[in-house]
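**Student:** Chains as they are written, first to last, in my numbering: chain A, 7 to 196; chain B, 7 to 196. By construction, the Cβ of each residue, glycine as well, lies at the ideal position given by its N, Cα and C atoms. Keep in mind the model is a prediction, meaning the values are calculated, not measured.
Protein chains: 2
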Amino acid sequence: MHFFEEKILHDGRIIDDDILKVDSFLNHQVDVKLLREFALAVKAAFADMRIDRILTIETSGVAVAFAVAEALGDIPFVFAKKSKSKTVDPYDVYLSQVKSFTRGSVSEITVSKRFLNEGENVLIVDDFLAEGNASLGLLDLCRQAKANAVGVAIAIEKVFQGGRAKLENLGLRVVAGASIKAFHDNKPVF
Amino acid sequence: MHFFEEKILHDGRIIDDDILKVDSFLNHQVDVKLLREFALAVKAAFADMRIDRILTIETSGVAVAFAVAEALGDIPFVFAKKSKSKTVDPYDVYLSQVKSFTRGSVSEITVSKRFLNEGENVLIVDDFLAEGNASLGLLDLCRQAKANAVGVAIAIEKVFQGGRAKLENLGLRVVAGASIKAFHDNKPVF
């Protein structure tokens, strides 16, 4: 999506050819119009599929998921919570593990069994796709619920970290606002 | 707002005349259409004011803020982060303290100095207003930035916990989707 690449070129900050900061429009300050344009492109990319529900993960996925859920006709969305295991009841929630690429830590993510249902077609949405760990965790929640994950919509993916390949190998359609192939001289290569 | 009260009566769950669970439409699964209707009512309630920016707090405020920012014409919104003090640089962020009513703990909240600007009119948005601690923390961030907090828009307030009174005493206009005066027999009294 050209408009998303333009936004990254204009407002993203790349540090040491490694870290992409998009806090001016995606994960701290949020550009509502940009996400709505992204969501309309996601709608077009999945126009041949029935989608019943959006599944994302807190916090930065929430704004992206809101835009996509709205574009798809106000379908329900649910955000998985990064929880402390002490406070969740395994009878009430589906639970999976996600390794954070940026922090190196492992989080438990949970979603209430009431909000992920057998037979539903689920679109996974998130702000970033790197190694794919968050998406794989959300996919695992869908499997536990016997819901059908039909695809993954991502605002920004770093293709070189392999997340897309893993998800496509599992038969999922992956759609991204911007696909970054590399960083060179603190600029993204699309 | 009658539609918001109806939603709570229909889908909210009250436990022990004390805890209101709204995870089926507000803070786990999200009802996009409900929040858009709420946002349009907020727009009407602040129609006489110029609003430049929405300020909220992660996580549950993000969806509400997205809806309001969109209704107000795609103005920027920023969500304060609940941070570990070790990872923030006080030269980069405004920082305040918020006591959590439900957890009894104190969190630090931060917002980048780049995303809260002197002279801007800021509308504070959140999912819940109880004792008002989160809103007061966000107000403190505005003060540090010399931004003008002009009001507070809240999805659900529990009037009996005093948050509205504190904010109104500070001269802020407070608008809520639903104002709960009490719980009786595990039902809300509006």
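Between A:Pro96 and chain B, is any beta-carbon pair separated by less than 7 Å?
**Tutor:** Along the first sequence, one-based indexing puts residue 96 of chain A at 90. Output row for A:Pro96: interface = no.
**Student:** Can you name, in chain order, every residue of its own chain whose Cβ lies under 7 Å from the Cβ of B:Ala140, other than the five neighbours on each side?
**Tutor:** Within the second sequence, numbered from 1, the residue matching residue 140 of chain B stands at position 134. So the list reads Ile63, Val104 and Asp132, once near-sequence residues are dropped.
**Student:** Who are the near neighbours of A:Lys172 in its chain, counting only those whose CB is closer than 6 Å to its CB and skipping five residues on each side?
**Tutor:** Sequence index remark: in the first sequence, residue 172 of chain A carries index 166 (1-based). Hits under 6 Å: Gly138.
**Student:** Could you please tell me which residues of the segment 15-32 of chain A, in chain order, have their CB closer than 9 Å to any CB of chain B?
**Tutor:** Listed in sequence order: Asp29, Ser30 and Phe31.
**Student:** Going by alpha carbons, who is nearest to A:Glu76 out of B:His190, B:Leu129 and B:Leu40?
**Tutor:** Sequence index remark: in the first sequence, residue 76 of chain A carries index 70 (1-based). Nearest C-alpha to A:Glu76: B:Leu40.
**Student:** Among residues of its own chain, excluding the 5 on either side of B:Phe166, which ones have a beta-carbon nearer than 8 Å to its beta-carbon?
**Tutor:** The residue given as residue 166 of chain B occupies position 160 in the second sequence. Here the set comprises Ile186, Lys187 and Ala188.
**Student:** I believe B:Thr116 touches B:Val94 by the beta-carbon criterion, under 8 Å. Please report the beta-carbon distance rounded to the nearest angstrom.
**Tutor:** Stepping through the second sequence from its first residue, residue 116 of chain B is reached at position 110. Stepping through the second sequence from its first residue, residue 94 of chain B is reached at position 88. Correct: roughly 5 Å between the Cβ atoms.
**Student:** Mind checking which residues open and close the alpha helix (DSSP H) that includes B:His8?
**Tutor:** As a position in the second sequence, residue 8 of chain B is number 2, starting the count at 1. Note, B:His8: alpha helix (DSSP H), His8 to Asp17.
**Student:** Near A:Val195, which residues of its chain fall below 6 Å by C-beta distance, leaving aside the five closest residues on each side in sequence?
**Tutor:** Numbered from 1 along the first sequence, position 189 holds the residue referred to as residue 195 of chain A. So the qualifying residues of the chain are Lys187 and Ala188.
**Student:** When you compare only the Cα positions, how much space is there between A:Phe10 and B:Asp24?
**Tutor:** Position 4 of the first sequence, counting from 1, holds the residue named residue 10 of chain A. Position 18 of the second sequence, counting from 1, holds the residue named residue 24 of chain B. Their Cα atoms are separated by approximately 45 Å.
**Student:** Measuring alpha carbon to alpha carbon, tell me which of B:Asn192, B:Gly183, B:His190 and B:Lys193 ends up nearest B:Ala45.
**Tutor:** In the second sequence, residue 45 of chain B corresponds to position 39, counting from 1. Taking only the C-alpha atoms, the option nearest B:Ala45 is B:Gly183.
**Student:** Are the Cβ atoms of B:Asp22 and B:Ser30 separated by less than 7 Å?
**Tutor:** One-based indexing of the second sequence puts residue 22 of chain B at position 16. One-based indexing of the second sequence puts residue 30 of chain B at position 24. Cβ atoms of B:Asp22 and B:Ser30: not closer than 7 Å.
**Student:** Is it buried or exposed for B:His8, if we count other Cβ within 10 angstroms and need 16 for buried?
**Tutor:** For the purposes of this step, residue 8 of chain B is taken as residue 2 along the second sequence, with counting starting at 1. Result: exposed.
**Student:** For A:Lys187, name the three-state secondary structure that DSSP assigns.
**Tutor:** Against the first sequence, residue 187 of chain A aligns to sequence position 181. A:Lys187 falls in the coil class under three-state DSSP.
**Student:** With DSSP as the reference, label A:Asn33 as helix, strand or coil.
**Tutor:** Reading the first sequence from its first residue, position 27 is the one you call residue 33 of chain A. Reduced to three states, the DSSP call for A:Asn33 is coil.
**Student:** With the cut-off set at 7 Å, would you say A:Gly169 and A:Leu147 are in Cβ contact?
**Tutor:** Position 163 of the first sequence, counted from the start, is the residue given in the question as residue 169 of chain A. Position 141 of the first sequence, counted from the start, is the residue given in the question as residue 147 of chain A. Not a contact, by the Cβ cut-off of 7 Å.
**Student:** To the nearest angstrom, report how far apart B:Leu78 and B:Ala71 are at their CA atoms.
**Tutor:** As a first step, residue 78 of chain B is located in the second sequence; it is residue number 72 there, counting from the start. As a first step, residue 71 of chain B is located in the second sequence; it is residue number 65 there, counting from the start. Going by the C-alpha atoms only, they are around 10 Å apart.
**Student:** Assuming B:Ile60 contacts B:Val74 under a Cβ cut-off of 8 Å, what Cβ separation, rounded to an integer in Å, is found between them?
**Tutor:** Counted from its first residue, the second sequence places residue 60 of chain B at position 54. Counted from its first residue, the second sequence places residue 74 of chain B at position 68. Confirmed, about 6 Å.
**Student:** I'd like the ranges of any beta strand (DSSP E) spanning at least 3 consecutive residues and lying wholly in the segment 100-157 of chain B.
**Tutor:** Within the segment 100-157 of chain B, the complete beta strand (DSSP E) runs of at least 3 residues are 112-118 and 127-135.
**Student:** For A:Ile160, which of A:Met55, A:Ala151 and A:Leu178 has the nearest alpha-carbon?
**Tutor:** To locate residue 160 of chain A, count along the first sequence from 1; it is residue 154. Looking at the Cα atoms, A:Leu178 is the closest of the given residues.
**Student:** Pull the bridge partners of B:Val94 from the DSSP assignment, please.
**Tutor:** Numbered from its first residue, the second sequence carries residue 94 of chain B at position 88. B:Val94 is not bridged to any residue.
**Student:** Using Cβ-Cβ distances below 8 Å, what residues of the segment 56-68 of chain A are close to chain B?
**Tutor:** Listed in sequence order: Glu64, Thr65 and Val68.
**Student:** Which residues mark the beginning and the end of the beta strand (DSSP E) in which A:Leu201 is found?
**Tutor:** Residue 201 of chain A cannot be examined here, being either before or after the span of chain A that is shown, 7 to 196.
**Student:** In whole angstroms, what is the alpha-carbon distance linking A:Leu142 and A:Ala151?
**Tutor:** Within the first sequence, residue 142 of chain A is the residue found at index 136, counting from 1. Within the first sequence, residue 151 of chain A is the residue found at index 145, counting from 1. Each residue's Cα considered, the two are about 14 Å apart.
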